[in-house]
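Start counting the sequence shown at 0; every next residue gets the next number (numbering that gives the first Met the number 0). Written below as structure tokens is the structure these notes are about.
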Amino acid sequence: MTTEPVLEIADLTVAYRQGEQWLPAVRDFSLRFAPGETVGLVGESGSGKSTIALSVMRYLPQARVIRGAIVFQGRDLLALDAEKMRAVWGNDLALVPQDPLSALNPSMRAGEQIAEGLRLHLNLSRDESERRALSLLEMVGLPDPARAAASFPHQLSGGMQQRIMIAMALSTEPALLVLDEPTTALDVTTQAAILDLFRDLIRQRDTATLYVTHNLGVVSQLCDRVAVLYAGELVEEAPARALFDQPLHPYTRGLIDSVPRLRPGPRAAGLQAIPGQIPPLGQRPPACVYADRCPLAIAICHKERPPRDTPEPGRAVRCHRWPEIQAGEVSAGFDAEVAQGASVAAPSEPLLDLESVSVQFADRRSLLDVVRKRPARPVHAVRDVDLQLGRQQTLGLVGESGSGKTTLARAIIGLQEIHSGEMTLLGARLPSGLAERPLELLKQVQIVFQNPEEALNPFRTVGQTLRRPLMRLRGLSRREADAAVARLLADARLPESYARRLPGELSGGEKQRVALARAFAAHPALLLADEPVSSLDVSVQASILNLLGRLQAEHESSVLFISHNLAVVAHIADQIAVIYAGELMEVASTEALLQPPFHPYTEALLAAVPRLDPDDQPPPIRLEGEVTGQAAVRHGCPFHPRCPRFLGEICVQQRPPWQVTEQGDRIFCHIPLETLQAEQRAIFPTLVEEEK
């Protein structure tokens, strides 16, 4: 077996142009990849991860390499011209991007996109390339390769699109695979299946892999080594197990502590978020780049750049104080924020009460249906949901993409008409449509969306954005609203000067802080948070979750928190509702949901959450196929086509009963609770992580 690296990056410095200057975004970066080795590259947004990935791909249209070398299979890629690079891209070097839909050609069928590359790079005939494309689609686990090959990208789910991209990337069996956040936009069950696929294919082909991500759980489960990047500098490199057992750089410690764990008790303490943010280009200090945020910074940290030290073979670190950290003489952790959640009121009538709420959409009619004047079939997006949310409590709503989470939230906020059922807020009927709701009711329900880029008007300043609900919903004068804007910014931990900034001048985390401040501006009784942290890196996610908890406590609001990440929901929620194909599968307190018995769907969601400790991962439970809609499953349990504990005909023909535990938790399943508990305890002895 060869000991030569597949890829060696040596002293790489990459700069972007601002005005007349070239400002380094990556500085003196070095990393080696052995054949078959998977290296995780982690760090916050803006740390330079994608710049390194694109440098390896030799695709830097807005940047240039100042110095360094990228040696791939003995050739310096930086010295190759465009013609020679095209051969490398097609045969030896492949990229799987974060967003497969934007990377796929929308006008070409998926199978033809794969076949075209095979004809170009492997000189296959049309028939051979089409057969090989189908074989590749079968290899990546698509249940119906022929249908997927004949589909356009928009006709496929996100998980299927990403499998198409993986098939394209592996079609020529490259020596190096670059994965740039390939599972960030996927729910946990799809992510788990994609990671399994990567793991198997990489092992089979002995492919070296650069895995760029901010998800430390994924890195722990998939990667052999980890490189930690901060402000364009490699601050730590180590084997994955050694790095998670004992990080030697304070930044690595901060990232690990920012990750929410699968445990209840959110009222006790917040997450240990890293204060501050990465300095922008042109403002990075010549000494230690992390000193201004570091809890261990001393005088030398602000004066001298730390050298790249090697504490032991296979490890590297840039920190003046790593020997003290290794010896256990100092701790690099931050103190967690206290009292991050609201103080739960005594049981009383619920703030929000949903009774048998259903939402229907009309299914698309075929041409024959139109000719014969057949009405469109109704499709149940949400079906007979009974749910209550108490005052000053947080209810987590979890499920895969397509399970009906956002549809239910849109019905509560008034953006989606309900087909049947009743909604009650503060003891009064909540009309289905926005037009029927008076102003007083409108301000009681506010929402924070997943993507702050789309939620904020790019042409309005932050001050204008925050002033609008203050004047329209609370009736404040212009002068009163301006004073209130300053208080809102202070509450969101943003400087008052940000009132004059446009959204384009803010980071992703800052935009989400503005969105939260706007939502709480009307002093709502209920806040709907629809995946508000799913697109943020772990440190920013921690600070936003802490901010949400603090604002909730100050305004004494209730929160419906929607997510597919059970670890995040378990951290922030008092109670969790699990929804599948528009129907509730389980409703339980957070503590009860993290311990058997739980619904088989909940079991699959819990098993799919990647944990920081490689030894803590339960046996995999992989769900085949996609979320099945009610148009396909008309009887029995909606989860039965994918259920890992399928009983047979009873699950197909009979609706499951709601079984209630002694604690009042509800599980929608035919399997007796005693049986579930006995079988699941063997797999999940406990999911409640004790405080260390």
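Quick reminder that beta carbons are idealized off the backbone N, C-alpha and C, glycines included.
If you measure between the beta carbons of K442 and D529, is that distance less than 9 Å? no
Use the C-beta contact count for Q415: other C-beta atoms within 10 angstroms, 16 or more gives buried, fewer gives exposed. Within 10 angstroms of the beta-carbon of Q415 lie 16 or more other beta-carbons, which makes it buried.
Suppose you measure from the CA of R198 to the CA of V211; what does that come to, to the nearest Å? Just so you know, the alpha carbons of R198 and V211 end up roughly 15 Å apart.
Pick helix, strand or coil for Q359, following the three-state DSSP scheme. strand
Short Cβ contact (9 Å threshold) for V234 with C300: Their beta carbons are not under 9 Å apart, which means V234 does not touch C300 by this criterion.
Round the Cβ separation of G426 and E348 to the nearest angstrom and send it over; I've been treating them as touching at under 8 Å. Contact holds; Cβ gap of about 6 Å.
Could you give the residue range of the beta strand (DSSP E) that holds Y15? L6 to Q17
Straight-line gap, V687 to P531 (C-alpha atoms, nearest Å): With a pLDDT of only 44 at V687, under 50, the local geometry of the prediction cannot be trusted, and the value read off the model is given with reservation. One C-alpha to the other measures close to 24 Å.
Enclosing alpha helix (DSSP H) for F519 [first to last residue]: G507 to F519
Let's see if you can read the secondary structure: which residues bound the beta strand (DSSP E) around R224? R224 to Y229
The beta strand (DSSP E) that contains E235, what's its start and end? E232 to P238
Does DSSP put R66 in a helix, in a strand, or in coil? strand
Which value, in whole angstroms, describes the spacing of the CA atoms of A338 and R549? Because the pLDDT at A338 is just 41, under 50, the model does not fix this residue reliably, and the point stays unresolved.
Would you grab the beta carbon distance between L209 and V41 for me? Rounded to a whole angstrom, and I think it's under 8 Å. Wrong, their Cβ atoms sit about 12 Å apart, outside the cutoff.
What does the alpha-carbon distance come out to for the pair D308 and L242? 15 Å
Rounded to whole angstroms, what's the CA-CA distance from V70 to E7? Just pull it up for me. V70 and E7 have their alpha carbons spaced roughly 5 Å apart.
Would you mind stating whether A569 and R260 have Cβ atoms separated by less than 9 Å? yes
Spatial neighbours of E495 within its chain, please: C-beta separation below 8 Å, excluding the five flanking residues on both sides. A485, L488 and A489
Is D143 close to chain B? Criterion is C-beta to C-beta, closer than 9 Å. Checking the listed chains, one finds no chain B in this structure; it contains a single protein chain.
Any idea which residues DSSP pairs T393 with across the strands? Beta-bridge pairing links T393 to V558.
Is the segment 21-32 touching the segment 188-203, taking contact as three or more C-beta pairs under 8 Å? no
Would DSSP call I446 helix, strand or coil? strand
Which whole-angstrom value describes the C-beta separation of V139 and T182, a residue pair presumed to lie in contact below a C-beta threshold of 8 Å? Their Cβ separation, rounded to whole angstroms, is 14 Å, which puts V139 and T182 out of contact at 8 Å.
Pull the bridge partners of A528 from the DSSP assignment, please. V447 and F560
Let me check you understand the geometry: is the CB of T37 closer than 8 Å to at least one non-hydrogen atom of the ligand MN? No copy of the ligand MN occurs in the structure displayed, which carries no ligand at all.
Just confirm the distance between the C-beta atoms of L141 and M159, as a whole number of angstroms; I'd bet it's less than 8 Å. 6 Å
Got a sec? Which residues, its chain only, sit under 7 Å from S54 by beta carbon, not counting five neighbours each side? Here S54 has L11, V13, V64 and I69 as same chain residues with Cβ atoms under 7 Å from its own Cβ, once five neighbours each way along the sequence are excluded.
Identify the residues that DSSP records as bridge partners of M422: which are they? L353
Within the segment 444-491, ranges of the alpha helix (DSSP H) (whole runs, at least 4 residues): 451-454, 461-471 and 477-490
What number of angstroms, rounded off, separates the C-alpha of F333 from the C-alpha of Y15? 33 Å
C-alpha distance - S49 paired with T460, whole-angstrom precision: 29 Å
Kindly list the residues whose CB is nearer than 7 Å to the CB of R252, restricted to its own chain and excluding five residues on each side of it in sequence; keep chain order. P246, A331 and G332
On the DSSP bridge list, what partners appear for Q387? D352
Whole-number beta carbon distance between L185 and G157, since they are thought to touch under 8 Å: Sure, about 6 Å apart at Cβ, within 8 Å.
Contact set for V5: own chain, Cβ-Cβ below 6 Å, skip 5 residues either direction: F32, P34, A174, L175 and A207
Sorted by chain position, which residues of the same chain lie with C-beta nearer than 7 Å to A114's C-beta, five sequence neighbours on each side aside? S128, E129 and A132
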